[in-house]
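There are 2 protein chains.
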Amino acid sequence: MLAFIALLAAPPYSPDVAARLVGGALTDGVTYARVAELSDGIGPRLSGSPAAEAAVKWALQRFRDDGLDVHAEPVKVPHWVRGEERAEVLPARGRAGHPLAVTALGGSPATPAGGATADVVEVRSIAELQALGEKARGKLVFFNHSMSTAGGKTGYGEASPLRNRGPAEAAKLGAAGALVRSLATASLRDPHTGATTFEDGAPKVPAAAVAVEDAELLHRLLERGPVRVRLGLGCRTLPDADSANVVADVRGREKPDEVVLLGAHLDSWDLGQGAVDDAAGVAVVMEAARLIAQLPQRPRRTVRAVLFMNEENGLAGGKAYAQAHAAEAERHVAALESDAGAGRPLSVGLRAGEGAQALLAPWLQPLETLGAADFGGEAGGADIGPLAAFRVPFVGVQQDVSRYFDYHHSAADTLDKVRPGDLAQTAAAVAWVAYALAEMPQALPRPAAPAGRPAGGRP
Amino acid sequence: MLAFIALLAAPPYSPDVAARLVGGALTDGVTYARVAELSDGIGPRLSGSPAAEAAVKWALQRFRDDGLDVHAEPVKVPHWVRGEERAEVLPARGRAGHPLAVTALGGSPATPAGGATADVVEVRSIAELQALGEKARGKLVFFNHSMSTAGGKTGYGEASPLRNRGPAEAAKLGAAGALVRSLATASLRDPHTGATTFEDGAPKVPAAAVAVEDAELLHRLLERGPVRVRLGLGCRTLPDADSANVVADVRGREKPDEVVLLGAHLDSWDLGQGAVDDAAGVAVVMEAARLIAQLPQRPRRTVRAVLFMNEENGLAGGKAYAQAHAAEAERHVAALESDAGAGRPLSVGLRAGEGAQALLAPWLQPLETLGAADFGGEAGGADIGPLAAFRVPFVGVQQDVSRYFDYHHSAADTLDKVRPGDLAQTAAAVAWVAYALAEMPQALPRPAAPAGRPAGGRP
Chain R
1 MLAFIALLAA
11 PPYSPDVAAR
21 LVGGALTDGV
31 TYARVAELSD
41 GIGPRLSGSP
51 AAEAAVKWAL
61 QRFRDDGLDV
71 HAEPVKVPHW
81 VRGEERAEVL
91 PARGRAGHPL
101 AVTALGGSPA
111 TPAGGATADV
121 VEVRSIAELQ
131 ALGEKARGKL
141 VFFNHSMSTA
151 GGKTGYGEAS
161 PLRNRGPAEA
171 AKLGAAGALV
181 RSLATASLRD
191 PHTGATTFED
201 GAPKVPAAAV
211 AVEDAELLHR
221 LLERGPVRVR
231 LGLGCRTLPD
241 ADSANVVADV
251 RGREKPDEVV
261 LLGAHLDSWD
271 LGQGAVDDAA
281 GVAVVMEAAR
291 LIAQLPQRPR
301 RTVRAVLFMN
311 EENGLAGGKA
321 YAQAHAAEAE
331 RHVAALESDA
341 GAGRPLSVGL
351 RAGEGAQALL
361 APWLQPLETL
371 GAADFGGEAG
381 GADIGPLAAF
391 RVPFVGVQQD
401 VSRYFDYHHS
411 AADTLDKVRP
421 GDLAQTAAAV
431 AWVAYALAEM
441 PQALPRPAAP
451 AGRPAGGRP
Chain C
1 MLAFIALLAA
11 PPYSPDVAAR
21 LVGGALTDGV
31 TYARVAELSD
41 GIGPRLSGSP
51 AAEAAVKWAL
61 QRFRDDGLDV
71 HAEPVKVPHW
81 VRGEERAEVL
91 PARGRAGHPL
101 AVTALGGSPA
111 TPAGGATADV
121 VEVRSIAELQ
131 ALGEKARGKL
141 VFFNHSMSTA
151 GGKTGYGEAS
161 PLRNRGPAEA
171 AKLGAAGALV
181 RSLATASLRD
191 PHTGATTFED
201 GAPKVPAAAV
211 AVEDAELLHR
221 LLERGPVRVR
231 LGLGCRTLPD
241 ADSANVVADV
251 RGREKPDEVV
261 LLGAHLDSWD
271 LGQGAVDDAA
281 GVAVVMEAAR
291 LIAQLPQRPR
301 RTVRAVLFMN
311 EENGLAGGKA
321 YAQAHAAEAE
331 RHVAALESDA
341 GAGRPLSVGL
351 RAGEGAQALL
361 APWLQPLETL
371 GAADFGGEAG
381 GADIGPLAAF
391 RVPFVGVQQD
401 VSRYFDYHHS
411 AADTLDKVRP
421 GDLAQTAAAV
431 AWVAYALAEM
441 PQALPRPAAP
451 AGRPAGGRP
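Here is the structure:
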């Protein structure tokens with residue numbers, strides 16, 4: 001009976017606007033078409049590449065086509081390029097050698113000419129590595145983990161420090177290099193890349209991801225005796241390149257200085273097409289802004305689409321945006337990042353002050369039929385992370401990520417992995433949530449205190 | 001009540017022998033250990049390679065260890081070697097170029113230096129290709145199909161002629177080359193190789209498999225306009241090499257001249273470890289023969305394990321065996337080939353004369369608990385195919401192949417895909433069926449007439 005009464009009570013929003021936004025996303029085909037433009041038309045877009053610059057130009061043009069106020073904001077980005085890459089287990093007494101499916105981690109230096117050849121030592125955590133101490137010197141440190149067998153939870157959060165920080169820690173101990181088991185929930189011998197980080201001036205070592213199968217092989221062989229591997233990586237870091245964030249506004253009708261930021265990232269890894277990560281998010285954000293711009297009446301506040309550059313290997317775009325917009329950061333009433341693939345929407349996440357949920361809840365009714373009106377999951381994002389320092393409330397449309405890490409950062413991140421209907425539902429949810437945040441009379445309360453550390457994302 | 005009576009009736013076999021064979025396979029760990037020896041110890045074993053010869057030596061030694069009468073029988077095998085391989089969609093007006101994940105098909109010639117560059121034309125059948133006629137001249141013929149979306153049925157049988165015969169048909173029309181969508185039920189951008197066949201003296205063209213994702217890309221791009229691809233293959237065919245089948249007997253106690261043949265193939269494709277295809281089958285056959293040899297009393301007839309060479313790209317081993325043993329082929333009372341991966345047993349297949357099923361049925365009771373005692377599925381095998389001409393009855397232990405074509409002929413055919421418990425059940429079933437065939441008083445009736453064409457397998 002309560003539910004029935006709730007339905008009869010006048011909603012705080014215009015049902016017509018809800019129908020236009022959700023219906024538009026689910027029927028116009030634009031979201032998927034734009035993922036295809038980025039994936040098939042432009043291809044992979046690693047920071048500093050010509051394709052990344054083509055993506056910037058494309059985004060400027062498309063936002064103009066959509067009637068938004070758009071401009072590029074300059075960002076200096078790291079310019080890392082992949083070269084030839086190969087690795088092999090050398091033959092040993094009583095067994096053959098084996099090729100290893102590897103791919104360099106972003107930020108890795110090259111191996112010496114002829115490759116780095118060394119015995120392998122296996123660890124399952126950075127603590128285990130540190131306990132090795134001198135025994136890691138001159139070795140190839142193999143970071144193993146069990147992400148792919150973690151079941152319902154992906155395990156990415158637990159395993160990703162091995163890739164992000166493991167090689168740097170190995171370098172400090174004088175290792176010859178690092179091999180990191182791919183962060184993947186499925187594998188057909190395809191390695192998954194990703195960034196690894198070395199502090200300025202600290203020692204570096206060549207670092208590569210190995211496919212899950214090859215991690216299993218190394219583990220089996222190490223159970224039987226010493227394993228010697230030759231790793232050859234031709235990657236290198238060129239001087240920083242000029243690039244840009246693309247910022248497009250739908251100016252608010254009453255409070256144009258108050259901003260609801262919708263973010264996604266234009267750059268991608270180089271192995272696949274960057275369709276799932278993050279052409280999908282880019283297209284969702286563009287579609288939300290486009291549909292809102294087409295409404296008969298714009299919302300009270302400004303909806304701003306920001307397509308960040310360099311999310312994958314440096315976060316230069318996210319940092320540059322927060323720096324350039326520090327003066328108006330207090331007037332950012334919410335930030336939402338779309339960087340979790342092309343799955344359907346499941347719930348709405350919040351990271352805001354007390355009372356935010358109660359304030360937003362009545363506005364989520366139009367997402368009930370899509371099954372996305374409940375609160376749950378973590379709101380955040382790598383690019384919007386720096387805005388946490390300004391107490392900007394984070395809102396997230398949580399998506400089905402059950403297949404996300406099957407493809408993430410691998411050659412298999414291609415357009416065929418995007419189901420248009422699932423993606424359109426997420427575009428509908430983001431469009432509606434963005435509209436709600438821009439239209440509700442009172443903005444969300446801000447989080448109590450700046451977080452010590454930016455909220456989690458998936459760099 | 002009938003079932004209860006059936007249980008009480010004395011079985012035609014010794015329950016103790018059944019328990020020893022099934023229990024041995026399920027507890028001794030030997031089957032999986034031997035898959036590991038072949039996969040991790042020797043690695044991929046393409047005909048003509050040093051690893052293939054190492055596998056022959058290994059098999060001879062292991063059969064000797066097991067106390068069998070073993071010898072090698074010489075076979076001349078094709079010696080095809082893979083070289084560098086790459087392909088790319090060239091950039092076109094309004095879109096970027098794209099790398100393609102490709103791998104040469106076994107038997108393909110190399111491309112000219114600098115690659116074969118041509119426009120792509122898509123067909124979905126050989127009939128469609130032939131309808132193109134002159135329009136195929138100078139083109140790269142792209143054979144597309146829908147195997148990966150065929151659902152419950154794998155679709156391998158329908159799609160494999162495109163790989164086997166498509167390139168030869170394209171060559172006859174003056175094509176520049178052939179690209180064949182991988183025959184795969186799952187894909188993470190990994191191409192699946194396999195043999196393609198050109199008749200002696202007929203024209204040849206370079207032929208490669210493309211990953212499922214890249215087939216989808218070609219299809220999408222072709223919907224929008226012309227697509228030009230550069231294909232570079234460095235593969236080549238060397239002079240035929242000397243190799244061998246390995247033949248090991250457990251001589252029968254009463255009718256040693258009557259032979260129950262258990263076959264599998266020692267060679268494998270070169271991309272993965274050949275763990276599923278066919279180290280699993282090799283280990284199953286070895287385990288069945290080994291357990292039977294250890295029985296207190298051997299069965300009436302001879303159980304013969306034959307590890308064939310060159311199943312994958314020529315069938316030289318299967319042909320050589322049938323030729324060398326033509327004189328005793330009439331005394332081959334049954335042949336069973338184990339070449340369907342490492343899945344658990346599901347049923348028993350038959351290809352024999354009338355009354356065979358009734359004769360064998362009472363002997364299958366010990367497989368009931370494993371769920372493998374019913375009749376069903378096709379019995380056959382590529383290596384034993386030539387024995388069909390001699391009316392040898394074929395018997396098969398049908399396995400769960402639901403994941404088989406996820407890995408088949410790809411780099412992902414690695415040891416981690418083998419579940420020891422599933423494989424052990426299949427070894428148990430093969431051991432018991434082989435024993436039954438060798439022990440039953442009356443041999444299976446032979447098929448009525450020689451088949452016009454060898455029974456199906458999976459070359």
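In order, the protein sequences belong to chains R and C. In terms of our numbering, the first sequence opens at residue 1 and continues consecutively. In terms of our numbering, the second sequence opens at residue 1 and continues consecutively. For each residue, glycine too, the CB sits at the ideal point set by N, CA and C. Here the structure is a predicted model, which means the values were calculated and not measured.
Inside the region 158-225 of chain R only - beta strand (DSSP E) runs reaching at least 3 residues: 177-181 and 207-210
A244(R) to A275(R) span [Cα, whole Å]: 20 Å
Spatial distance of D16(C) from G155(C) (CA atoms): 41 Å
Length at least 3, wholly inside the region 224-281 of chain C: the beta strand (DSSP E) runs in chain order: Complete beta strand (DSSP E) runs here, min 3: 228-233, 236-250 and 255-265.
Short CB-CB distance (under 7 Å) between A280(C) and chain R: no
Bounding residues of the alpha helix (DSSP H) (the contiguous stretch that carries D65(C)): P50 to D65
Contact check, R189(R) vs A211(R), beta carbons under 7 Å: Yes; because the gap between Cβ atoms is below 7 Å, this pair is in contact.
Min CB distance A96(C) to chain R below 7 Å: So yes, A96(C) belongs to the interface.
CB contact flag (A176(R), G166(R), <7 Å): no
Partner residues on chain C for S410(R), Cβ-Cβ distance less than 9 Å: Using a Cβ-Cβ cut-off of 9 Å, S410(R) is close to L188 and R189 of chain C, given in chain order.
G24(R), enclosing alpha helix (DSSP H) - first and last residue: P15 to T27
Below-7 Å beta-carbon distance, G194(R) vs any chain C residue: no
Inter-residue Cα distance where the pair is A429(R) and A379(R): Cα-Cα distance, rounded: 15 Å.
Contacting residues, own chain, Cβ-Cβ under 7 Å from D249(C) (five flanking each side not counted): L68, D69, T302 and R304
Complete runs of the alpha helix (DSSP H) confined to the region 327-352 of chain C [at least 4 residues]: none
Range of the contiguous alpha helix (DSSP H) that encloses F405(R): Y404 to Y407
Which of helix, strand or coil DSSP assigns to A320(C): The DSSP-derived three-state label of A320(C) is helix.
Beta carbon proximity, E482(C) to chain R, threshold 7 Å: Chain C is shown from 1 up to 459; residue 482(C) falls before or after that span and cannot be answered.
Which of helix, strand or coil DSSP assigns to D383(R): Here D383(R) sits in coil by DSSP.
Opposing strand residues paired with A116(C) [DSSP bridges]: L231(C)
Residue from A293(R), G371(R), H408(R) and A215(R) with nearest C-alpha to T426(R): It is G371(R).
Residue burial classification, L415(R) (beta-carbon count within 10 angstroms, cutoff 16): buried
Span separating the alpha-carbon of G349(C) from that of D422(C): If you draw a straight line from the Cα of G349(C) to the Cα of D422(C), it comes to about 18 Å.
Pair within 7 Å by beta-carbon distance, G115(C) and R230(C): Yes, these two residues count as a Cβ contact at 7 Å.
DSSP beta-bridge partners of W80(C): T237(C)
Any chain C beta carbon closer than 7 Å to G41(R): It does; some Cβ of chain C falls within 7 Å.
Against chain C: residues of the region 392-421 of chain R by CB proximity under 8 Å: D406, Y407, S410, A411, A412, T414, L415 and D416
Contact with chain C by E213(R), beta-carbon distance below 7 Å: Chain C contact via Cβ: present.
Under 8 Å (Cβ pairs) to chain C, residues found in the region 100-112 of chain R: Per Cβ criterion, the list reads A101.
Three-way DSSP call (helix, strand, coil) for G457(R) in this model: Reliability of the predicted coordinates at G457(R) is poor, the pLDDT of 44 falling under 50, and no value is obtained from them.
Classification of R453(C) by the beta-carbon crowding that lies within 10 angstroms, buried from 16 upward: Summary for R453(C): the model assigns pLDDT 49, below 50, so the residue's position carries little reliability; its value from the coordinates is reported in the next sentence. With fewer than 16 other Cβ atoms within 10 Å, it is exposed.
Three or more C-beta pairs below 8 Å linking the region 101-108 of chain C and the region 282-300 of chain C: no
Residues that F142(C) bridges to, as DSSP identifies them: E122(C) and L179(C)
Assigned exposure category for R93(R) - 16 Cβ within 10 Å defines buried: exposed
Residue from Q442(R), Q323(R), A159(R) and A279(R) whose Cα sits closest to the Cα of A51(R): Closest option to A51(R), Cα to Cα, is A279(R).
CB contact check: E199(R) to chain C, cutoff 7 Å: Not one beta carbon of chain C lies nearer than 7 Å to the beta carbon of E199(R).
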